[in-house]
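Below: the structure, in structure tokens.
Number of protein chains: 2
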Amino acid sequence: MRNIKLTLAYDGTDFSGWQIQPGQATVQGTLAEVLEKLTQSPILIHGAGRTDAGVHAAGQVANFKTESPLSPNDFQRACNALLPPSIRVVAAEEAAPEFHSRWNALAKTYSYRIFRGRIVPPFAWRYVHQDSSPLDFAAMAEAARRFEGEHDFTTFAASTGSEEDDRERLTTRTIFRSELVRCAEQSISGQAPAEEWVYVVRGKSFLRYMVRKIVGTLVEVGRGKLTPDDIPNLLAMRDRSKSGPTMPPQGLCMMGVEYESTAQTIAIDDAGSAAG
Amino acid sequence: MRNIKLTLAYDGTDFSGWQIQPGQATVQGTLAEVLEKLTQSPILIHGAGRTDAGVHAAGQVANFKTESPLSPNDFQRACNALLPPSIRVVAAEEAAPEFHSRWNALAKTYSYRIFRGRIVPPFAWRYVHQDSSPLDFAAMAEAARRFEGEHDFTTFAASTGSEEDDRERLTTRTIFRSELVRCAEQSISGQAPAEEWVYVVRGKSFLRYMVRKIVGTLVEVGRGKLTPDDIPNLLAMRDRSKSGPTMPPQGLCMMGVEYESTAQTIAIDDAGSAAG
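In structure tokens, the structure reads:
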């Protein structure tokens, strides 16, 4: 069995998230349908992360096993011809048999875009959360830094719906980078360019809703309801009810997934067939 | 009767163009519905240009007469609350009674985006035409310049469907700027950033499909089927069958409309009411 690694970008607006669900348009389901058509056999796709409904990806990674003789290039071209324009295969590679997009991920990076202008351009509303109210950027940026390191993120976890499960889940996560950055949005029609604040977080893995709850908490810091020094205390509380609100999905984008670069990808010779 | 000038941005993907049509979602129709709800009276909206189905605007200008006491700011806020996110009122002003968004326009600027990469990002497909085939940029840029000046644009006009009408229509137009520029597109997920070529044209007014036919002709120059020196000859032929193809709508965007700045807009004092 060959193992094919795909790098995917998608606009999550019109999908009920990544994970396949009967009767719903999902990214995994849409991709599986296309791959099954191409290979004429059932395909199990593993995604590096299960993005929720409305969340986007610029660099989701997935892998699947197949006996199809199609080259990675063929898979890429055929998928892009059959998929809707809202899902693109931006890269396809032959991977080692043991490669698993989720278990082998060393780091994932997410971004959350907060549009600070009063009027969201019609070309951007799918990809940003708008908040033009007064917010203290410096305090939020400082608070963002407090999430770096290894912490128990129970306070920033979604409930599983079962108290027992909630207690038993492993909720310790390592965050390598947690930063709020300012960007200038393109101006439309002679209007002053609006600012955009982008929260960028890179970590080994994340709990469900964790990024959106962190951003919701940063916004509370921006409003002065919390201070940066409250972050370590919130983490220590391990209490789901103490975080800020879960922010809406459309601002969130899975930017990329990192792997040990050489180990998982088989070198391909110029003719396009796997070498070794 | 007051005269309100609106500057509009919209994503044309899901609209059957600007112009109101029974039973179809149009920008003018959607806006009229909202303004009629706000003013409780019929509203006739004049647009500076009638963008076709799938064509976008970053700076369309429209005006309408009303006896409503709502301030321009109120109109803007209420419209943006009631309109879909794909249409935004980016500015609203009190205009002189004689101001007409179409007849008073001194210049309009359109852009046409050609995405040169192999894979269109899922966040961009609504706004670009893709062509990653080999094209001679320098020849296209030179050809673009040949459209500047006053010309009879019959060769680049859509047929009205009637030979007699076609003969009688005034087809002379003045183009102030006609330029092809290169831009670097944002890269997705570590891929090399793709190039984007943007055709920018500024003129007094345009014939229907004229910009899209000019771009279709530039692409034929890029492929070597025509040379820049053919452009003056094509213009001289005044033959609709001689232009390149009409390019698809999604690459086209109405960027802005210019007016004599002081004449048409009444000065507004700080309190927001018209002064004088």
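Heads up: the protein sequence lines correspond to chains A and B, in order. Sequential numbering from 1 applies to the first sequence in this note's numbering. Sequential numbering from 1001 applies to the second sequence in this note's numbering. Think of the CB as a built atom: it goes at the ideal place given N, C-alpha and C, for glycine as much as any other residue.
**Item:** Touch test, the stretch 1051-1068 of chain B against the stretch 87-105 of chain A, Cβ-Cβ under 8 Å, three pairs minimum
**Value:** no
**Prompt:** Which same chain residues, not among the five before or five after K242(A), have their C-beta less than 7 Å away from its C-beta?
**Reply:** T155 and L234
**Item:** Reference V219(A), options V120(A), C183(A), L70(A) and A143(A), closest by Cα
**Value:** A143(A)
**Asked** Could you give the residue range of the beta strand (DSSP E) that holds F1137(B)?
**Response** Not the beta strand (DSSP E): F1137(B) falls in the alpha helix (DSSP H), residues F1137 to R1145.
**Asked** Quick one: is F123(A) near chain B, going by C-beta distance under 9 Å?
**Response** yes
**Request:** Identify the continuous beta strand (DSSP E) that holds K1108(B) and give its terminal residues.
**Result:** A1107 to F1115
**Message:** Starting from E64(A), trace the alpha helix (DSSP H) in both directions and tell me its first and last residue.
**Reply:** The residue asked about is misnamed: residue 64(A) is Phe in this sequence, not Glu. Per DSSP, F64(A) belongs to no alpha helix (DSSP H); it is in the beta strand (DSSP E), H56 to T66.
**Prompt:** Is any beta-carbon of chain A found at less than 9 Å from that of R1088(B)?
**Reply:** yes
**Request:** Could you tell me if S178(A) is buried or exposed, where buried requires 16 or more neighbouring beta carbons within 10 angstroms of its beta carbon?
**Result:** buried
**Asked** Which residue from A1157(B), P1085(B) and V1128(B) puts its Cα closest to that of Y1199(B)?
**Response** V1128(B)
**Request:** Specify, as a first and last residue, the run of the alpha helix (DSSP H) that S178(A) falls within.
**Result:** Where S178(A) is concerned, there is no enclosing alpha helix (DSSP H), although the beta strand (DSSP E) it sits in stretches over T172 to A184.
**Cβ of N80(A) within 9 Å of any chain B Cβ** = yes
**Item:** Closer than 9 Å to chain B by CB, H129(A)
**Value:** no
**Prompt:** In chain B, which residues lie with their C-beta within 9 Å of the C-beta of P249(A)?
**Reply:** Correct list: empty, because the minimum Cβ distance to chain B is about 15 Å.
**Message:** Between which two residues does the alpha helix (DSSP H) holding M237(A) run?
**Reply:** D230 to M237
**Item:** Own chain, CB closer than 7 Å to T262(A), minus 5 neighbours either side, in chain order
**Value:** Note that T262(A) scores 46 on pLDDT, short of 50, meaning its location in the model is unreliable and no value can be drawn from it.
**7 Å Cβ cut-off: residues of chain B touching P85(A)** = V1120, P1122 and W1125
**Where the alpha helix (DSSP H) containing E1036(B) begins and where it ends** = V1027 to T1039
**Item:** Bridge partners - W103(A), DSSP secondary structure assignment
**Value:** Its beta-bridge partners do not exist; DSSP assigns none.
**Message:** Let me check understanding here. Comparing Cα to Cα, which of A1236(B), L1252(B), F1123(B) and L1070(B) lies closest to S86(A)?
**Reply:** F1123(B)
**Request:** Out of L1031(B), Q1021(B), P1022(B) and A1138(B), state which residue places its alpha-carbon closest to the alpha-carbon of Y1010(B).
**Result:** L1031(B)
**Message:** Can you check whether the C-beta of A1058(B) is within less than 9 Å of a C-beta belonging to chain A?
**Reply:** yes
**Request:** Pull up the distance between the alpha-carbon of V27(A) and that of I1214(B), whole angstroms please.
**Result:** 38 Å
**Request:** Quick one: give me the first and last residue of the beta strand (DSSP E) that R1002(B) is part of.
**Result:** R1002 to Y1010
**Prompt:** Beta carbon of Q60(A), beta carbon of T7(A): below 9 Å?
**Reply:** yes
**Prompt:** On the three-state DSSP scale, how would you describe E195(A)?
**Reply:** strand
**Endpoints, alpha helix (DSSP H) assigned at E1220(B)** = M1210 to G1222
**Message:** With distance defined between alpha-carbon atoms, name the residue in N1003(B), F1015(B) and P1134(B) nearest to P1084(B).
**Reply:** F1015(B)
**Prompt:** For the beta strand (DSSP E) that contains A1048(B), what are its first and last residues?
**Reply:** A1048(B) -> no beta strand (DSSP E), and no H or E assigned at all.
**Request:** For the alpha helix (DSSP H) containing L1082(B), list its first residue and its last residue.
**Result:** P1072 to L1082
**Message:** As a quick exercise: from S205(A), P245(A) and R146(A), pick the residue whose alpha carbon is nearest that of P232(A).
**Reply:** R146(A)
**Item:** Helix, strand or coil at T1262(B) [DSSP, three-state]
**Value:** Note that T1262(B) scores 46 on pLDDT, short of 50, meaning its location in the model is unreliable and no value can be drawn from it.
**Item:** Contact check, R1212(B) vs L1252(B), beta carbons under 9 Å
**Value:** yes
**Prompt:** Using CA coordinates, which residue listed in R113(A), R118(A), P69(A) and L44(A) is at the minimum distance from R1077(B)?
**Reply:** R118(A)
**Item:** Nearest residue (CA-CA) to M1(A), options A95(A), G17(A) and K37(A)
**Value:** A95(A)
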